[in-house]
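S.K.:
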Amino acid sequence: MLKWVKIVLLALLFLFIISIAWINSRFQVFKLRHTDEQLSRVMEDVMVPWQIKYQKQDSISVRYLEVADSLPVVILLHGAPSRLSMFQTYFTDSLLIHKAHLIIPDRPGYGYSGFEKPAFTVKEQAKHLTFLLKKFPQNKEIIILGNSYGGPVAAALAMENPELTDGLIFVSASLTPREEKIYSISYMINHPAFQWMFPRVIKTSNDEKLNHEESLETIDDQWHKINCPVTFIHGKKDGLIYPSNVTKTRKKLTTATKVVWLENEGHGFLLSKKELIRKEIISFFYKSYH
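To get my numbering, take the position in the sequence shown, counting from 1, and add 91.
Here it is as structure tokens:
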């Protein structure tokens, strides 16, 4: 009897594993990305000009959404694992899109920006996204907002293009080497025996996480290059990207800084605190905005 129970359990496990593999390969939801058609449906009721665009950059094509025009520019960089539609409540916000010209890319390695490519370093991502800054006249006001793992990419863009960057906003951003938590499951996902079970986007995110310390080291002596105002928005209870990212990074900067501490928030408040973040974005361009 025990033998048959083991056989049945093994058979069920086998079917479960095969099901995971099939689902991973079949459905977009496990790729954490929205097609152009899906994005277009989201944008149907947005009453300002918008376009989904692609730009060839070396080995990949970068997809980005451009919303509104003739306004100060805000580039929004998502975290991991994620995609540009993580900012949906921002690029469909009627107040924000009448105050700012939004540019929201899929970060390299995610969405439709080199999705099947291996993880890109912070500097590589910045290199692939620099065209977003250079597509505008040099006198155009541009700020960059980076959420979580989008934060260091925003920083690298500002470091390499200080003359084109007028402000930075870091939301729950990972900016300092060794100041974030790595869960045990990250090492399991990285093991060859288990990698195939996980969606590509999870593997990309995991590769980025396990190589993040080394990637952050490459920009850790470059903070003096940033010459624009910087705002940090961070939860004091963030157990994933520690609050020390703010305090340690702030010491490396030579420009004006502002810190907005959220006493009772952890890491994932990008959506729940949209009004607060929106206010900080608009305040960069409209000093009297409250």
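For every residue, glycine included, the Cβ atom is placed at its ideal position computed from N, Cα and C. None of the values given here were measured: they were computed from a predicted structure.
Using a Cβ-Cβ cutoff of less than 8 Å, which residues in the same chain neighbour V244 once the five nearest sequence positions on both sides are dropped?
M.R.: As a first step, residue 244 must be located in the sequence shown, where it is residue number 153. The answer, listed in chain order, is L168, R198, V213, Q216, A217, L220 and G237.
S.K.: For the alpha helix (DSSP H) holding F375, just list the boundary residues, first then last.
M.R.: Along the sequence shown, one-based indexing puts residue 375 at 284. First-last of the alpha helix (DSSP H) with F375: K365 to F376.
S.K.: Work out the CA separation of I234 and L187 for me, nearest whole Å.
M.R.: Residue numbering aside, residue 187 sits at position 96 when the sequence shown is read from its first letter. Residue numbering aside, residue 234 sits at position 143 when the sequence shown is read from its first letter. If I take the Cα positions, the gap works out to 14 Å.
S.K.: Considering only the alpha carbon of each residue, which of T338, I332 and L344 lies closest to E356?
M.R.: Your numbering for residue 356 matches position 265 in the sequence shown. Considering only alpha carbons, the answer is I332.
S.K.: Could you tell me the distance, in whole angstroms, from the CA atom of V351 to the CA atom of L361?
M.R.: Here residue 351 corresponds to residue number 260 of the sequence shown, with the count starting at 1. Here residue 361 corresponds to residue number 270 of the sequence shown, with the count starting at 1. Whole-angstrom Cα-Cα distance: 13 Å.
S.K.: Within 10 angstroms of the Cβ of E128, are there 16 or more other Cβ atoms? Answer buried if so, exposed if not.
M.R.: The count along the sequence shown starts at 1 and reaches residue 128 at position 37. With fewer than 16 other Cβ atoms within 10 Å, it is exposed.
S.K.: Between which two residues does the alpha helix (DSSP H) harbouring I293 extend?
M.R.: Within the sequence shown, numbered from 1, the residue matching residue 293 stands at position 202. Here the alpha helix (DSSP H) through I293 covers R291 to L301.
S.K.: Does the separation of the CB atoms of E354 and K327 fall below 9 Å?
M.R.: Within the sequence shown, the letter at position 263 stands for residue 354. Within the sequence shown, the letter at position 236 stands for residue 327. Yes, these two residues count as a Cβ contact at 9 Å.
S.K.: Do you know how far the Cα of N318 is from the Cα of I310?
M.R.: To locate residue 310, count along the sequence shown from 1; it is residue 219. To locate residue 318, count along the sequence shown from 1; it is residue 227. Each residue's Cα considered, the two are about 15 Å apart.
S.K.: Return the chain-ordered ranges of every beta strand (DSSP E) run that is complete within the segment 152–195 and spans a minimum of 3 residues.
M.R.: 164–168, all fully within the segment 152–195.
S.K.: Please look up how many angstroms separate the CB atoms of K294 and G330, rounded, as I've assumed it's under 8 Å.
M.R.: On the sequence shown, position 203 is the one that residue 294 refers to. On the sequence shown, position 239 is the one that residue 330 refers to. Actually they do not touch by this definition, with Cβ atoms about 23 Å apart.
S.K.: Go ahead and label K364 buried or exposed: buried means 16 or more other beta carbons lie within 10 angstroms of its beta carbon, across all protein chains shown.
M.R.: By 1-based counting over the sequence shown, the position of residue 364 is 273. Per the 10 Å Cβ criterion, buried.
S.K.: Judging by CA-CA distance, which residue of W314, V292 and I260 is the nearest neighbour of K370?
M.R.: Here residue 370 refers to the residue found at position 279 of the sequence shown. Selected option, being the one with the closest Cα: I260.
S.K.: Indicate whether A247 and Q148 have their beta-carbon atoms separated by less than 9 Å.
M.R.: Reading the sequence shown from its first residue, position 156 is the one you call residue 247. Reading the sequence shown from its first residue, position 57 is the one you call residue 148. Cβ atoms of A247 and Q148: not closer than 9 Å.
S.K.: Report yes or no: do three or more beta-carbon pairs, one from the segment 157–167 and one from the segment 175–192, lie closer than 8 Å?
M.R.: Cβ pair count under 8 Å is three or more, so yes.
S.K.: Would you mind working out which of K190, V153 and V137 sits nearest K44, comparing C-alpha positions?
M.R.: With the chain covering 92 to 381 only, the question about residue 44 has no answer from this structure.
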